[in-house]
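Participant:
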Amino acid sequence: MIRVAAVGDIHLSPESAGALRPAFETLGDCADLLLLAGDLTRHGTVEEARVVAGEVAGLPVPVVAVLGNHDYQSDLEDEVTGLLEEAGVIVLEGGGTVVQVDGTRVGIAGTKGFGGGFAGRSGGEFGEPEMKSFIRYTRRCADELGASLRRLEDDGCAVRIALTHYSPVPDTLAGEPLEIYPFLGSYLLAEAVDDAGADLAVHGHAHMGSEHGMTGGGVRVRNVAQPVLGRAFAVYHLPVPEPAVSVAGSGATEGAGAGRGGPAR
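First residue of the sequence shown? That's 0 in numbering that gives the first Met the number 0, and the numbers climb one at a time after it.
So this is what it looks like as structure tokens:
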């Protein structure tokens with residue numbers, strides 16, 4: 000089993016320095032990696048980013064993150080990213096990374112993502128330039144997420160995870176006002192995950208939402224916004240599929256693993 004710790008929307012500031020460090024230091028006992036699903040700061044300032052870096056530097060497990068909308072607020076997302084990377088965090092935006100866990104290649108594809116809404120009630124690339132730009136940005140994020148997941152499969156990753164800030168499904172928004180669903184996520188992210196395949200999708204952003212959801216293609220989705228979790232992080236267990244084995248006397252192979260869409264508790 001791959002043990003995936005995840006949390007988002009921690010919104011750290013100088014006043015909250017040290018709040019999460021004691022819990023994070025226990026990760027070596029219960030998890031193989033930590034995913035941070037955006038909104039790591041309150042207003043995306045350098046001072047806040049230094050606090051986040053201090054909370055996660057030197058942890059006993061690899062840390063992979065995407066930024067959230069709050070981390071863009073001060074137009075210092077490059078500086079925020081740089082400080083996190085100096086602390087050893089792998090920050091993704093349209094790319095992927097591989098973590099080795101006991102010989103298993105675990106691939107994480109990440110993007111902040113964006114809004115637009117969900118099937119039947121979503122925005123489209125029509126009308127004013129501003130509306131076209133809105134949806135095109137979401138589509139670009141989704142396309143990059145899907146391409147990264149495919150590259151990770153080609154790179155031999157037995158387990159693949161999609162990490163975003165915005166939600167790919169409406170399930171995990173249950174509890175939020177319906178009027179703001181279009182600003183909390185987009186079905187385009189779910190389409191990318193389903194088309195490319197993944198074992199788990201993790202996001203934040205929806206503070207009043209629900210933890211559990213699923214894409215139309217059966218990939219489990221988890222909203223790990225800290226206000227939803229009510230704790231420092233959640234841990235999800237993903238099975239490692241067994242490699243395909245040759246059937247004696249024939250050229251056929253048989254897949255023996257749980258694989259895509261397996262349990263995520």
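Beta carbons: idealized from backbone N, C-alpha and C, even for Gly.
#1: Of the residues A205, R221, H206, which one's Cα is nearest the Cα of G212?
#2: Could you tell me the alpha carbon to alpha carbon distance between G116 and L188, rounded to whole angstroms?
#3: For R159, which of helix, strand or coil comes out of DSSP?
#4: Taking V6 and A36 to be in contact with their CB atoms under 8 angstroms, please state how far apart those CB atoms are, rounded to whole angstroms.
#5: Closest to R41 by CA distance: which of A108, A173, E76, V60 is it?
#6: Which same chain residues end up closer than 8 angstroms to V55 when comparing Cβ atoms and leaving out the 5 residues on each side of it in sequence?
#7: Determine which residues share a DSSP beta bridge with T40 and list them.
#8: Taking R138 as part of the alpha helix (DSSP H), name the residues at either end of that continuous run.
#9: Report buried or exposed for Q99, applying the criterion of at least 16 other Cβ atoms within 10 angstroms of its Cβ.
#10: For the 8 angstroms Cβ check, are there 3 or more pairs between the segment 120 to 137 and the segment 189 to 202?
#11: With respect to the alpha helix (DSSP H) encompassing T80, which residues constitute its N-terminal and C-terminal limits?
#12: Across which residues does DSSP place E175 in a beta bridge pair?
#13: So the candidates are D38, V239, D28, A224; which of them puts its Cα closest to the Cα of D198?
#14: Using the Cα positions of M0 and E129, report the straight-line distance between them to the nearest angstrom.
#15: If we count the other Cβ atoms within 10 Å of its Cβ and call it buried at 16 or more, is L177 buried or exposed?
#16: With 16 other CB atoms within 10 Å as the buried threshold, where does G17 fall?
#17: So Q225 is in the alpha helix (DSSP H); what residue range does that whole segment cover?
#18: Note down, in chain order, each residue of its chain lying with its Cβ closer than 7 angstroms to the Cβ of D70, except the 5 sequence neighbours on either side.
#19: Would you kindly report the start and end of the unbroken beta strand (DSSP E) that includes V60?
#20: Since R219 sits in a beta bridge, which residues does DSSP pair it with?
#21: Give me the residue from G27, L91, T214 with the minimum Cα distance to T171.
#22: Using alpha carbons as the reference points, say which of G145, D154, E175, G174 lies closest to L162.
#23: Residues bridged to V90 by DSSP?
#24: On a CA-only basis, which of R219, L58, V218, V227 is nearest H204? Give me that one, please.
#25: In whole angstroms, give me the CA-to-CA distance for L151 and P167.
#26: Can you list, in chain order, the residues of its chain whose CB lies under 7 angstroms from that of A247, leaving out five sequence neighbours each side?
#27: Starting from Y186, trace the alpha helix (DSSP H) both ways and give me its first and last residue.
Facilitator: Result, derived from the coordinates:
#1: G212 has its Cα closest to that of R221, out of A205, R221, H206.
#2: A direct Cα-to-Cα measurement between G116 and L188 gives close to 10 angstroms.
#3: R159 falls in the strand class under three-state DSSP.
#4: Confirmed, Cβ separation roughly 7 angstroms.
#5: Out of A108, A173, E76, V60, E76 has the C-alpha closest to the C-alpha of R41.
#6: Once the five neighbours on either side are set aside, the close Cβ partners of V55 are F23, L33, L35, V62, L83, A86, G87, V88.
#7: For T40, which the question treats as bridged, DSSP gives the partners L11.
#8: Its alpha helix (DSSP H) spans residues 128 to 153.
#9: Exposed, by the Cβ-count rule.
#10: By the Cβ rule, the segment 120 to 137 does not count as touching the segment 189 to 202, because fewer than three pairs are nearer than 8 angstroms.
#11: In the DSSP assignment, T80 falls within the unbroken alpha helix (DSSP H) covering 76 to 85.
#12: Its beta-bridge partners are A173.
#13: Here the closest residue by C-alpha is V239.
#14: The alpha-carbon atoms of M0 and E129 are separated by roughly 45 angstroms.
#15: Here L177 is exposed. Its C-beta has fewer than 16 other C-beta atoms within 10 Å.
#16: It counts as exposed.
#17: For Q225, the uninterrupted alpha helix (DSSP H) run begins and ends at 225 to 228, by DSSP.
#18: Only G37, D38, L39, T40, G43, E76, V79 meet the Cβ criterion.
#19: For V60, there is no enclosing beta strand (DSSP E), as DSSP gives it neither H nor E.
#20: DSSP, once it has assigned bridges, lists M213 as partnering R219.
#21: Looking at the Cα atoms, T214 is the closest of the given residues.
#22: Checking every option, the nearest Cα to that of L162 belongs to G145.
#23: According to DSSP, V90 bridges with A64.
#24: Per the Cα distances, V227.
#25: Rounded to the nearest whole angstrom, the CA to CA distance from L151 to P167 is 19 angstroms.
#26: Its pLDDT being 45, under 50, A247 is placed unreliably in this model, and the value from its coordinates should be taken loosely. So the list is empty, once near-sequence residues are dropped.
#27: First-last of the alpha helix (DSSP H) with Y186: 186 to 195.
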